Each structure stands twice: as structure tokens, then as C-alpha cells.
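Enquirer: Residue numbers (our numbering): 179 to 1077. Glycine is no exception: its CB is placed at the ideal position from the N, C-alpha and C atoms. Model, not experiment: these values are computed from the prediction. My questions all concern the structure below.
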Amino acid sequence: MGGRDVPNAGPDDALAVLDRLLAGPGAVWVVRGPAGAGRSAALAALAERGARAGAAVLAVPAGADPATALTRLGGALAELLTAPDRPEPASRSRAAMRLRSRLRATPGSRPLLVAGDLLSILSVLTPVQRLVLLFDDFDRFPPEVAAVLALVAEGGRAAGAVTVATAPGPEPSGGPAGRLLAVADGTVDLRPLTDAETTALLPAWTTAKGRTAVDPGLVTALRRALGPLFGNPGTVQLTVAALRDGGRLAVVDDHVCLADPERPITLPAEHPLSQRLRRLGAAARRLAAVVAVFTEQQGAELDCLAGFATAAGLPLSTAGPVLDDLVRVGVLRLGGGGAVDFAVPALADRLRLERGPRWHHELHAGAARRLLALRRAGVQVEPAAIARHLAELLPSTVDTEAAGLLLTAAGAADPATARRYRVCALRLLDPGDPRCPAALREVLESSFATGEYRSLADDLATVLAPRIRHPGFDVPTAATAFVWWLAALAHEHRLPELDVVRPLATTLGTTATRLADAVGRNDRAAVAAAAHALDDSGTGLFGTGLAVLLECLPGDRADGPAAEAAGVLDFVSVLDARLSGRYHPPETGFAAGWHAVRRAYRAGEWDTALSLARALEGGRLRWKSPRRHRFASVVAAEISAQRGEQDRAAGWLRRVPCPESAAYVACVRTALRRFAGNLDEALERGWEEYAACRAQGVYAGAEFLLARLLRCARSGGNDAGATRLLAELERLAEYRPTASVRETLLVYGGLVREDETAVRAGLELARQAGDVFRIAQACLALGELSAAPEVWLLEAHRTLKRLGAVAAIAPVTELLDRRRIAVPRDRADRAALAPQERRIAELVADGRTNRQIAAALRISEKRVEARLTAVFERTGCHSRVELAAAWLQGRLTAAPVPA
179 MGGRDVPNAG PDDALAVLDR LLAGPGAVWV VRGPAGAGRS AALAALAERG
229 ARAGAAVLAV PAGADPATAL TRLGGALAEL LTAPDRPEPA SRSRAAMRLR
279 SRLRATPGSR PLLVAGDLLS ILSVLTPVQR LVLLFDDFDR FPPEVAAVLA
329 LVAEGGRAAG AVTVATAPGP EPSGGPAGRL LAVADGTVDL RPLTDAETTA
379 LLPAWTTAKG RTAVDPGLVT ALRRALGPLF GNPGTVQLTV AALRDGGRLA
429 VVDDHVCLAD PERPITLPAE HPLSQRLRRL GAAARRLAAV VAVFTEQQGA
479 ELDCLAGFAT AAGLPLSTAG PVLDDLVRVG VLRLGGGGAV DFAVPALADR
529 LRLERGPRWH HELHAGAARR LLALRRAGVQ VEPAAIARHL AELLPSTVDT
579 EAAGLLLTAA GAADPATARR YRVCALRLLD PGDPRCPAAL REVLESSFAT
629 GEYRSLADDL ATVLAPRIRH PGFDVPTAAT AFVWWLAALA HEHRLPELDV
679 VRPLATTLGT TATRLADAVG RNDRAAVAAA AHALDDSGTG LFGTGLAVLL
729 ECLPGDRADG PAAEAAGVLD FVSVLDARLS GRYHPPETGF AAGWHAVRRA
779 YRAGEWDTAL SLARALEGGR LRWKSPRRHR FASVVAAEIS AQRGEQDRAA
829 GWLRRVPCPE SAAYVACVRT ALRRFAGNLD EALERGWEEY AACRAQGVYA
879 GAEFLLARLL RCARSGGNDA GATRLLAELE RLAEYRPTAS VRETLLVYGG
929 LVREDETAVR AGLELARQAG DVFRIAQACL ALGELSAAPE VWLLEAHRTL
979 KRLGAVAAIA PVTELLDRRR IAVPRDRADR AALAPQERRI AELVADGRTN
1029 RQIAAALRIS EKRVEARLTA VFERTGCHSR VELAAAWLQG RLTAAPVPA
């Protein structure tokens, strides 16, 4: 062992080594790696390949009863020996009977004799047929059994047999695996899988057929939950199985997605790490659960050990060694500065869920009581140390001391933590306490500063509103909170929940009721008037809340930089433009999700946009109230249509019942009809849909529909239709002079009138808007008009090629051919595979060997190797696993576009 060792082996490396063993002389090898690293999978693959090659494969895993390994091996050899097709059946039968008799009589007590009998049969079998012995989990065999098997492996090697065993890692020479390692020719040490390798394996575990692509959001969630174990295939497979069995996986848009992504992913109880924690005993499990609870909101350090020990009911002298054990087995890890946290976040989440919320609250309550007692006894305890526990308690009676500590700690905390502390303090204060109005105003300010609109709406409904309605509460502060409540609901597209604010409106009087009614009607003028009656200053915190509310009311805007965003109800973009420098966008929630979809689409990150749209669609059934729009589904439909995926686009459109998106939906339908070759129908039906939108007063996206129809008219040589559409676009620009309408008029008006200067101005507006697809369309228009079109057409081709927009790239390609402009072949171009190469990639993703691929395609195995090498070079993949990942993620499925 040593010279032929293979360290840091991936799946392909391991299989390559094992494949060579089948074609070589007798050998003894050991495959090593941690639990779940793929040792058993490697042996299973070798068994399958050995059987296909005509070898006799005898697999003797440790299994449930490792002590019977010799009996099982002997029985398997005896069956081979006495097979009807073997010569000299009588003598072979006697040898088999002698072996069985020896094994029945205490095989471990006379290892040399047992090994001799086994080897004598091996020496008879190996000249007739190649023999492969596989011992999974060799380290679990009893020492006496391992000794015999090591002798058999060593002697079998001389006879031409191949022995491959698995073990978790290096052991002392006297251990079970150490006996085999002493005689082994080499070892294969499995490394953790790369992200690409793990991603390639996921489809086989998420669905029964294993052919459904996995959404990147699920991959990200698994990586975040499993941490370093994401590269451990056994862990990922076990976790995915638990998610599947628990109904946590859903297929959206032909992709497996994580349902209810806000719920944590937990490590299964049967995972080896969970089992190691269980074997450490009750004290270790209790201490680990305490650490899990206390580190949920913020980190902890070794200095907290005394508090951990007390909460777990352990003396400090016991807690120290227990903590060392938790670190040793990999449950906890120590970071810089004495930080303590869980190596695998999913295990911490499992411990929290197992203990339940009641234990969680009792733990924090006990810690808070102890720290408060120390503070009352004169011991210096920082308010922040107590506040972190007080903030986790269930609602209780008035406690001014605890509320004061929370308010003090909030003054020195970061905005998000300060907001949480103040909400908890308000829960503990009497509504008439003079500190309440100031604390509530600070909650409103910090919600605006951190983008916590969803939390603000929830907190007002469940905790704050009952206190605000108290007769002694400060009226101006209550009015400000009322406006902010409406703003938070509007921001998060939750205005259907408007009834929850009406009790507070009733308390504040008829003006507040009129304000709530105006919000329900989306009457911006009435909202502004009613708000002015509530607070005629219109400044300060009240004024900011009113500004947010007005900007988040649905309605067409014909002016300002946020007009296009307002038309699609992207309130995050609207507020970012209107309140520049003061607005902090939310990180979670529906508004944040829709904004992220639109931003990714405009930036040309279409795969990301699709993943985010699936996440919103997957969460639709869990919404507590109906949402006002499904624009994310329209964006996903547009991407699918441009990529030539008509069925998927139609599936997304079926999810869009809302009238606000009618023009955008018509735009997608026009693209689908045109891509299907129905140019006249696309033009006729598209114009009818535009007329319907105009009659209903739906103008958001109308300019893009007219632009697409104008393209159809020009492609079909319909000059009269193009003139009519341009005239309509000009009328739209007069009525709704937004930046996107001006851009569209410049580009397509310039195209019809052959005004290159106008098209250039439109391209500049498209670049300012940052919409990659519109930039490409403007470049195409310039390429049609310019005397030197090369730079414009190549930019359009390069962009549309990267987006995978096969529908839009066809006219660019046609124009390039007509102008005799060659397209430089870059790495992305090389990834466009020929039909046979795509078929090879598909078979690799199915787990086929080169021999199987050759048989399926009826070509030689050498030809497969050559083509596979070319595929690797073109795609940039470095292994079969990465190639499988690229295929399953859809990156190799699109037909190559001729240049």
C-alpha cells in the first residue's frame, strides 16, 4: 500500500480505479471515507460492472450480523463450486461439504484452517472464471473473522481474485480494517462531492423516475441546512428522502422545489451524526439542545458554558467534558474567539423542533430569572444579556422591570434586534405607561430602516393594536401607527386583510375610517385627503408612512422614473426611486420575492428569475390572503416562450387570472403564436387583445405588446399594419409618456421610418433601464438600419444566445447570414452540442457506462470515448457527474443555433 493510493477521489476517479481492477491481475484494495461518502455505492457499481464483464461477484457485507460473514462467503463459494456446469461435480461437492462442515465448527478458533479451505476453493474457481470479492464495512467484522478474510484476500490475489473492501478510515494495524490494509495494494480515499456532483445526483433521489430537474432554490436550501455534509451523498439522500416523505417537495414548472421554504430542514434521526449524539447519553443530548436554543437568534461563546450547564441541569465539572465530547464527535464546533455553534445547522433545527416551543420558552424564562436575580443581588449583568432571553418569552402580565431592560438593551443593539426588543417591551408595558408612545414610534422607524414591513403588519395585528386602542394611548402616535399599518399591508400586497385595521380605525374616529375605505378603493386622492385630516403637518414619521402608503397603492403612473415598476406593482423599485437614500428594501416576503424576480429578469439572469418565480408559485397555497397579482408567472411565461418551451409557457399563463397583467399576458401569447409559425394569427389576435386592454384602461405593458405586434407586421411584409401600430404607439406616448413608452417609440418608430438616430436614442434609454432583452432588441433594430451593422448584430446575438432566447435570435441569425457576418465561436458556442453528442450526454446522465452507450448508439467504445472527450471540452465539464448535472439542469438541451 502507498504507491498506488488514490487520495481525494471523486465518484469518477473511484470508478476508474475499480474498472481497472476488473481488467488487471489479482489485487486487494480498500475504499475509505466517512459514513455516507459513497463507499457502498462504489462497491455496488463495481458489482454491476463485474457481472456485466462475466466475473463471479461475491458480495459479503457486514450487514446486520457481521459474525456470519465466513459462513455466507463459504456458502456462496460452495454454490459456485457445485454449479451444474462445472466439471468433476463429485469431487467439487465433497470439497464444498468439507468447507461447510469446517464453518459450522467454530470458524474463528482455527483461522488458518478455515482460510486454507476457502483458498483451496478459490484456486479451483479462478482459472475458470474471474472472481471478485466485495466486503462492505470491513471495520465491523469481528477480529477473528477479519483475520480470516484478510488471509483469503491475500491468498486470493495470488490466484487472480480481486478483493475490494470498504472502511471508514485508517485504523490501528490491529483493528479489523487494519488487518486488510496491511496486505492491500492500494486505497481509494473518497473526498466530499462538489456542489455540481451533488446537484447531479439529486434528481435520482427527489422523484421516483429521477428525471425531473431540481430547482436551484432546493439545492441552496440543502446546502445551507447541511453545511459541510452537503458533499456527503448519504446525508443528502437521507435528508431528501425525509423531505419527500414529509410532503416537503413539490413539482412546479417541471422542477422539484422545496415546499414551505421558511420551515427548517432537519437532519433525520437515523443519520449517523444524530446517532452519535444519541450514543453520548442524556446529558450530552440535553446540553446540545440548550446550545441549539440559545444560539438560534445570536451566537454564543465558551464563556457561556456556565449558563449552558445551569440550563441543562448539569454541574460545570460535568458540562465541560460533555462539551468536549460534542466537539469530538462533530456535533459542535469551536470557532475563533471561542465561538460555539453547530457544525450542521440541520441538527440544531432538529433539536429545537424535538424539544418544542414550550421547552424553548421555559429555558429562556429560567435563564432570565437567574440573570435578574443576580442583577437584583448587586451583580453587574449587562441588560443585553438578559434581553436576549426576555425577547423569547411568551406574552405575560405587565412587567415594568423587564420592559425597562429591553428598552435599555434596544438602545445599544443593531436596528433589527432593537426592533424586536421594543416590540417585546411594549407587550410588557401597561398601555398607559408614558414610555409606550416613544417605544412604538421607534418600532415604526426601525421597521422602515430594516425593511420589516411584513413583521410590522403582523406585530400590529397581534401585539401592538390592542395596546394602541387603549383609551389612554397617545392619539397622534396611534394615528401614525394606523397609517404605517396600512402602508405595511399595501407594501406586502396584503390589502385584502384590510378588515384587521378597522377596529383601530373605529377607535380613532370617522376620519380614520374614511382613510381605510379610500385605501380599499385604491383612491389615492381620497387617501391623501383623509390622511391630511388626521395629521395636517404631513411631515415626520407620519409623512413617511403616508408616502409609503401612497406609492404602494395600485394604479397607473404616467410620470416619474418608477412608472414602469408601478405598472407591474413592483413597490420595492417604486419606493427605491421615490425615497432614494431613505428606503431599505425587505429581504423576505412577497414584495421582496417579486422584486427579485423582476430584477433577475431585467439583468438577464433568467434561470435565477425562473427559480424565484417557482418559489413564489410554490408558496401561493400557503398565503393567508389572496395576492393582487401574478406578474412573476408572466415573467416566467415570457422566459419560457422566448426559449421555445411552449408547453411550459402555457402552464405559467394558466396561473395568471388577474387583469392588471393583461397586456403582458397578450405579449407572451403573441410570442407563442409567432414562434409556432402563425404570424397572421399572432398579429390579428394580438391586436384584438390590445384593443381589449385599451377598453379596460389597462396600459401597463401595452407598449411592449405594440412593439411585438409591429415586429410581426414587418416580418410578414404588412406595411399597413405596421403603420397602424406605430400610430397607436404614438397615441400611447401622448397619453402615457413613461420612459419605457418613449424608448419603445424611439426604437420601433425609428425602425419603421428608417431613422437610425432615433433607434440609437432608444437603445440608450434601454441601457439606462438595464433590461438586457430590450437592449438586444434595440441592437437588432440598429443592425437592420446601420451601414456598419456588425457590432450591433453581434451584441444582439451574443446576448440572446446567453439568454437561450431561441425565438428572438432567429431574425438576428438570418440578418447575420444575409450580411455575411461570421459569429466568433466562444466557449458558450462550443457548448452547443451535435445531436449525437447530446444523446451521449443524456445517457451519461442516466448512469450508463461507455460500453452501454456504445451498444445503445451502435458505435464503437473508442468512438464513445472520443466523442465524450469532445463533449467535456465543449461544455467545460471535468467529469461525468458535472456533465450529468449540466444535462439535468437543462443547460445542454437546447438545439444549437446556426450562426
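1. For Arg632, I'd like the list of residues in its chain whose CB is within less than 6 Å of its CB, leaving aside the five on either flank, ordered along the chain.
2. Is it buried or exposed, Gln415, if we count other Cβ atoms within 10 angstroms and call 16 or more buried?
3. Would you list, in sequence order, the uninterrupted alpha helix (DSSP H) runs of no fewer than 4 residues that lie entirely inside the region 970–1050?
4. Whose C-alpha, out of Gly211, Leu224, Gly214 and Leu585, is nearest the C-alpha of Val195?
5. Taking the DSSP output, what are the residues bridged to Gly364?
6. Starting from Cys435, follow the beta strand (DSSP E) in both directions and report where the run begins and ends.
7. Could you check the C-alpha separation between Gly412 and Val238 for me, to the nearest Å?
8. With a threshold of 16 other CB atoms inside 10 Å of the CB of Lys979, please say whether the residue is buried or exposed.
9. I'd like to know if the region 538–551 and the region 509–529 are in contact, where contact means that at least 3 CB-CB pairs between them fall below 8 Å.
10. Is Val184 helix, strand or coil by DSSP?
11. Alpha carbon to alpha carbon, what distance is there between Asp503 and Leu451?
12. Contact defined as beta carbons within less than 8 Å: I believe Ala841 pairs with Leu883. What is the distance between those atoms, to the nearest angstrom?
13. DSSP three-state call for Glu479: helix, strand or coil?
14. Is Gln475 buried or exposed, if buried means 16 or more other CB atoms sit within 10 Å of its CB?
15. Three or more C-beta pairs under 8 Å: does that hold for the region 493–503 against the region 377–391?
16. Who are the near neighbours of Ala627 in its chain, counting only those whose CB is closer than 7 Å to its CB and skipping five residues on each side?
17. Between which two residues does the alpha helix (DSSP H) holding Thr344 run?
18. Report the partner residues of Arg511 according to the DSSP bridge assignment.
19. In the DSSP assignment, find the alpha helix (DSSP H) that holds Leu604 and state where it starts and stops.
20. Please go through the same chain and pick out, in chain order, the residues whose beta-carbon is closer than 7 Å to the beta-carbon of Glu1020, but skip the five residues on each side of it.
21. What's the gap between the Cα of Ala744 and the Cα of Ala986?
22. With DSSP collapsed to three states, give me the class of Leu236.
23. With DSSP as the reference, label Phe720 as helix, strand or coil.
24. I need the boundaries of the alpha helix (DSSP H) containing Ala215, first residue and last residue.
25. Exposed or buried, which one is Ala268 when buried takes at least 16 other CB atoms within 10 Å?
26. Thinking Ala891 and Gly879 are a contact (beta carbons under 8 Å), I'd like their distance in whole angstroms, please.
27. Got a sec? Which residues, its chain only, sit under 6 Å from Gly698 by beta carbon, not counting five neighbours each side?
28. When you compare each of Ser624, Leu368, Leu291 and Pro732 to Asn700 by their alpha carbons, which one comes out closest?
29. Quick one: using the 10 Å Cβ neighbour count with 16 as the cut-off for buried, is Arg506 buried or exposed?
30. Quick one: grab the DSSP three-state call for Phe472.
31. May I have a chain-ordered list of the alpha helix (DSSP H) segments no shorter than 4 residues that lie completely inside the region 904–979?
32. Would you give the residue range spanned by the alpha helix (DSSP H) that Ala853 belongs to?
33. Let's test the definition: count the other Cβ atoms within 10 Å of the Cβ of Val919 and tell me whether it reaches 16, buried, or not, exposed.
34. Check whether the region 203–213 and the region 355–372 touch, using three or more Cβ-Cβ pairs below 8 Å as the test.
35. Please list, in chain order, all residues of the same chain as Ala778 whose beta carbon is under 7 Å from its beta carbon, the five residues on each side excluded.
36. State the Cα-Cα distance for the pair Gly424 and Phe472, rounded to the nearest angstrom.
Expert: This is what the structure holds:
1. Taking the sequence shown and counting its residues from 1, the one referred to as residue 632 is at position 454. Counting only Cβ-Cβ distances below 6 Å, and skipping sequence neighbours, we find Glu670 and Gly767.
2. Residue numbering aside, residue 415 sits at position 237 when the sequence shown is read from its first letter. The residue is buried, with at least 16 neighbouring Cβ atoms inside 10 Å.
3. 984–996, 1005–1008, 1013–1023 and 1028–1035
4. On the sequence shown, residue 195 is found 17 positions in, with the first residue counted as 1. Of Gly211, Leu224, Gly214 and Leu585, the residue nearest in Cα terms is Leu224.
5. Counted from its first residue, the sequence shown places residue 364 at position 186. For Gly364, which the question treats as bridged, DSSP gives the partners Trp207.
6. Taking the first residue of the sequence shown as 1, we reach residue 435 at position 257. Cys435 -> beta strand (DSSP E) spans His433 to Leu436.
7. For the purposes of this step, residue 412 is taken as the residue at position 234 of the sequence shown. For the purposes of this step, residue 238 is taken as the residue at position 60 of the sequence shown. Between Gly412 and Val238, the C-alpha separation is close to 20 Å.
8. For the purposes of this step, residue 979 is identified with residue 801 of the sequence shown, where counting begins at 1. Buried is the call here.
9. no
10. As a first step, residue 184 is located in the sequence shown; it is residue number 6 there, counting from the start. Three-state result, Val184: strand.
11. Taking the sequence shown and counting its residues from 1, the one referred to as residue 451 is at position 273. Taking the sequence shown and counting its residues from 1, the one referred to as residue 503 is at position 325. Each residue's alpha carbon lies about 13 Å from the other.
12. The sequence position of residue 841 within the sequence shown is 663, counting from 1. The sequence position of residue 883 within the sequence shown is 705, counting from 1. Contact holds; Cβ gap of about 5 Å.
13. For the purposes of this step, residue 479 is taken as the residue at position 301 of the sequence shown. Looking at Glu479 - three-state DSSP - the assignment turns out to be strand.
14. Along the sequence shown, read from residue 1 onward, the residue named residue 475 stands at position 297. Flag for Gln475 reads exposed.
15. no
16. Counted from its first residue, the sequence shown places residue 627 at position 449. The residues are Pro593 and His762.
17. Taking the sequence shown and counting its residues from 1, one reaches residue 344 at position 166. Here Thr344 belongs to no alpha helix (DSSP H); instead the beta strand (DSSP E) covers Val340 to Ala345.
18. Within the sequence shown, residue 511 is the residue found at index 333, counting from 1. Asp519.
19. As a first step, residue 604 is located in the sequence shown; it is residue number 426 there, counting from the start. Looking at the DSSP string, the run of the alpha helix (DSSP H) that includes Leu604 is Pro593 to Leu606.
20. For the purposes of this step, residue 1020 is taken as residue 842 along the sequence shown, with counting starting at 1. Excluding residues within five positions, the ones whose Cβ falls inside 7 Å are Trp1065.
21. The residue labelled residue 744 in the question sits at position 566 within the sequence shown. The residue labelled residue 986 in the question sits at position 808 within the sequence shown. Rounded to the nearest angstrom, the two C-alpha atoms are 27 Å apart.
22. Numbered from its first residue, the sequence shown carries residue 236 at position 58. Three-state result, Leu236: strand.
23. The count along the sequence shown starts at 1 and reaches residue 720 at position 542. Helix at Phe720.
24. Numbered from its first residue, the sequence shown carries residue 215 at position 37. Element bounds for Ala215: n/a, residue is neither H nor E.
25. Taking the first residue of the sequence shown as 1, we reach residue 268 at position 90. Because Ala268 sits at a pLDDT of 48, beneath the cut-off of 50, its placement in the model cannot be relied upon, and the following sentence gives the value as read from the coordinates. The residue is exposed, with fewer than 16 neighbouring Cβ atoms inside 10 Å.
26. Translated into positions along the sequence shown, residue 891 becomes position 713. Translated into positions along the sequence shown, residue 879 becomes position 701. Ala891 to Gly879, Cβ: 19 Å. No contact.
27. On the sequence shown, position 520 is the one that residue 698 refers to. Around Gly698: Leu676.
28. Indexing the sequence shown from 1 puts residue 700 at position 522. When each option's Cα is compared against that of Asn700, the closest is Pro732.
29. Locating residue 506 in the sequence shown gives position 328, counting from the first residue. With fewer than 16 Cβ atoms within 10 Å of its Cβ, Arg506 is classed as exposed.
30. As a position in the sequence shown, residue 472 is number 294, starting the count at 1. Here Phe472 sits in helix by DSSP.
31. 917–922, 928–931, 934–947 and 950–963
32. The residue you call residue 853 lines up with position 675 of the sequence shown. The sequence shown places Phe at residue 853, rather than the Ala named in the question. Looking at the DSSP string, the run of the alpha helix (DSSP H) that includes Phe853 is Ala840 to Phe853.
33. By one-based count along the sequence shown, residue 919 stands at place 741. Classification for Val919: buried.
34. yes
35. If you number the sequence shown from 1, residue 778 lands on position 600. Within the same chain, Ala778 has close Cβ partners Thr786, Ala787 and Leu790.
36. The residue given as residue 424 occupies position 246 in the sequence shown. The residue given as residue 472 occupies position 294 in the sequence shown. Whole-angstrom Cα-Cα distance: 27 Å.
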